[in-house]
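**Q**
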Amino acid sequence: MYSIKKITADAYWVGVNDRKITLFESVYPVSRGMSYNSYLVLDEKTVLLDTVDSSASLQFLENVEKALEGRTLDYMIINHMEPDHCANIGAIVAKYPSVKIVGNFKTFTMMSQFFDFDVESRKLVIKEGDTLNTGRHTFTFVMAPMVHWPEAMVTYDTTDKVLYSADAFGSFGAMSGNIFADECDFENVWLDDARRYYTNIVGKYGVQVQNLLKKATTLDIAMICPLHGPIWRSNIEFIVDKYLKWSSYTPEKQSALIVYGSVHGHTENTAEILANLLGEKGIKEIAVYNASTTHYSKIIAESFKYSHIVFACATYNMALFPPMQVVLHELAEHNLQNRTFAFIENGTWTPFAGKLMQDALEKLKNNKIIEQKVTVKSALNEQSFADLAKLADALAEDIKQ
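The opening position of the sequence shown corresponds to residue 0 in numbering that gives the first Met the number 0, with each subsequent residue numbered one higher.
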């Protein structure tokens, strides 16, 4: 049976929710599942905007058929060719063989790699600023390269002022009957997933997201329809402000994030004591994460949130403790900027994790390092505790500034 939602006078959400999935892209834990959004506009000509993942093909095709109510499909706009959105292009072509497929040059290069149907006879190649009129509605196209694939674009319905935003403004999580952000407790239930989605999926491409935001702010937007997560029809400035911060690597919270990698508990103890020292100095909303038990995607998201990050790590096999090595590699890959770092190293015979951590982050731009590095030899003693207290003083002073 179908599951569709009317979102404007002419447009329907025809997407699906997947509550079976546990790892999005086989990497990111999604305890609340995923939504795959697709939209259908009924005009003199009918328009489908993107498809869904192959795991939900049957439900999706039933939704499209119900929303069309016996009409054929005239156009299919493809904003993004990643398989969680493009997997059903072939199924749509098979069901509606006269459909014209709308995309840019790079869209069709990728489409021919994914599918073996006759793409050439169906394609309508558009470029930046081109328009498509379907009767009452006029759609215009805005290129969004590397947000987060090179062919990505967004589609703006100039009639109803709706931005179909591809992977921008999306979130992890399946929806539960409420498909609009104002129907949900977005800030308390969805925001962490939206931040984790942005920082891990798109976060590397801050400059490209900023370029897209500059284009988007010239449009009169009444609704944002992303390919994952709730639709925005009110308080749009809230999510736009978050994207402005995330894409410019601006911290949301002036406080300390402490991430530790501990083998036998001594480095963990050091991290916990540092958190207590900072709390005594009036620093609020401190966050502490164990790199061994926290998925790195959560730590990436928190790193985009916090202004100051302390890395505490044991030296392991003459190298970094592996869970911390993963965290640092991923942070470097995601281009984190405008942060203040501090380092705590531990080791029984050769503690040099501090240098290795610093080296792992050296390619990142516009960051500052607190000079007071702490070295622990096996376990805290009076000297290393005194050094830890000095680090807490330096951190607290810097945070308050």
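Glycine is no exception: its CB is placed at the ideal position from the N, C-alpha and C atoms.
Between which residues of its own chain and S111 is the CB-CB distance below 6 Å, once the five residues before and five after are set aside?
**A** Excluding positions up to five away in sequence, the list reads V118.
**Q** Scan the segment 212-286 and note each continuous beta strand (DSSP E) run of 3 residues or more that stays entirely inside, going in chain order.
**A** Entirely contained in the segment 212-286, the beta strand (DSSP E) runs reaching 3 residues are, in chain order, 222-224, 252-260.
**Q** Sorted by chain position, which residues of the same chain lie with C-beta nearer than 7 Å to Y204's C-beta, five sequence neighbours on each side aside?
**A** The residues are M145, V146, H147.
**Q** My understanding is that S296 touches L335, with C-beta atoms under 8 Å, so please give their C-beta distance in whole angstroms.
**A** 14 Å between Cβ atoms; not a contact.
**Q** Indicate the three-state DSSP secondary structure (helix, strand or coil) for I200 in the structure shown.
**A** Of the three classes helix, strand and coil, the one that applies to I200 here is helix, per DSSP.
**Q** From V208, V258, A300, pick the residue whose C-alpha is nearest to that of E251; which is it?
**A** The option with the nearest alpha carbon to E251 is A300.
**Q** Does DSSP put N289 in a helix, in a strand, or in coil?
**A** DSSP places N289 in strand when its eight states are reduced to three.
**Q** Return the chain-ordered list of same chain residues with a C-beta closer than 7 Å to the C-beta of G169, the five sequence neighbours on each side being excluded.
**A** The answer, listed in chain order, is Y196, P225, L226, H227, G228.
**Q** Decide if A318 is buried, meaning its Cβ has at least 16 other Cβ atoms within 10 Å, or exposed.
**A** Flag for A318 reads exposed.
**Q** Which residues does DSSP list as the beta-bridge partners of W12?
**A** Bridge partners of W12: K4, Y38.
**Q** If we count the other Cβ atoms within 10 Å of its Cβ and call it buried at 16 or more, is L57 buried or exposed?
**A** Exposed: under 16 other Cβ atoms inside 10 Å.
**Q** Grouping DSSP H, G and I as helix and E and B as strand, with all else coil, what is F116?
**A** Residue state, collapsed to three classes: coil.
**Q** Looking at the unbroken alpha helix (DSSP H) that takes in S56, where does it start and where does it end?
**A** Note, S56: alpha helix (DSSP H), 56-67.
**Q** Measuring only between beta-carbons, confirm whether N337 sits less than 7 Å from chain C.
**A** Checking the listed chains, one finds no chain C in this structure; it contains a single protein chain.
**Q** Where in the segment 310-354 do unbroken runs of the alpha helix (DSSP H), each at least 4 residues long, occur, reported from the N-terminal end onward?
**A** If we require 4 residues or more, the alpha helix (DSSP H) runs fully inside the segment 310-354 come out as 321-332.
**Q** For T71, which option in V201, I282, T45, L355 has the closest C-alpha, if you only look at C-alpha atoms?
**A** The shortest C-alpha separation from T71 is found at T45.
**Q** Quick one: grab the DSSP three-state call for S111.
**A** Residue state, collapsed to three classes: helix.
**Q** Checking 7 Å against the spacing of the C-beta atoms, do V51 and A10 come in under that value?
**A** No, Cβ-Cβ distance for V51 and A10 is not below 7 Å.
**Q** Note the first and the last residue of the continuous beta strand (DSSP E) segment covering K122.
**A** Segment 122-124, the beta strand (DSSP E) holding K122.
**Q** Measure from the alpha carbon of S246 to the alpha carbon of each residue in A167, H265, Q324, then state which is nearest.
**A** Nearest option by C-alpha distance: A167.
**Q** Are the CB atoms of E150 and M80 within a distance shorter than 7 Å?
**A** Yes.
**Q** Expressed to the nearest angstrom, what Euclidean distance is found between the alpha-carbon atoms of K376 and W348?
**A** Straight-line Cα distance between these residues: approximately 7 Å.
**Q** Is D49 buried or exposed, if buried means 16 or more other CB atoms sit within 10 Å of its CB?
**A** With 16 or more Cβ atoms within 10 Å of its Cβ, D49 is classed as buried.
**Q** Taking the alpha helix (DSSP H) that Y295 belongs to, which residues open and close that run?
**A** Element bounds for Y295: 295-304.
**Q** Is it the case that the Cβ atoms of W12 and I178 are separated by a distance below 7 Å?
**A** The answer is yes: Cβ separation under 7 Å.
**Q** Alpha carbons only, please: which of L256, L162, T108 is nearest the one belonging to H136?
**A** Checked all of L256, L162, T108; the closest Cα to H136 is L162.
**Q** If you check the beta carbons only, do L256 and I308 fall under 7 Å apart?
**A** Going by C-beta atoms, L256 is nearer than 7 Å to I308.
**Q** My output table needs one value for N210: the three-state DSSP class, helix, strand or coil.
**A** In the structure shown, N210 sits in a helix (DSSP, three-state: H, G or I).
**Q** Smallest Cα separation from T7: which of F104, M222, V188, R194?
**A** Closest option to T7, Cα to Cα, is M222.
**Q** Secondary structure at L154, three-state DSSP: helix, strand or coil?
**A** Looking at the sequence itself, residue 154 is Thr, so the reference to Leu does not match. If DSSP states are grouped into helix, strand and coil, T154 belongs with the strands.
**Q** For K367, which three-state DSSP category applies?
**A** Reduced to three states, the DSSP call for K367 is strand.
**Q** I'd like the span of the beta strand (DSSP E) that includes K99, first residue to last.
**A** Segment 99-102, the beta strand (DSSP E) holding K99.
**Q** Which residue wins for smallest C-alpha separation from T374, given the options Q357, F384, N365?
**A** Residue F384 is the option with its Cα nearest to T374.
**Q** Count the C-beta pairs between the segment 324-332 and the segment 275-286 that are closer than 8 Å, then say yes if the count reaches three, no if not.
**A** In short, these stretches do not touch, since the Cβ pair count stays below three.
**Q** So, for V153: in the same chain, excluding its five sequence neighbours on each side, which residues have a beta-carbon less than 8 Å away from its beta-carbon?
**A** Answer for V153: N78, F140, V141, A143, L162, Y163, S164, A165, A167, L211, A215, listed in chain order.
**Q** Taking Cβ positions, are K372 and T339 nearer each other than 7 Å?
**A** Cβ atoms of K372 and T339: not closer than 7 Å.
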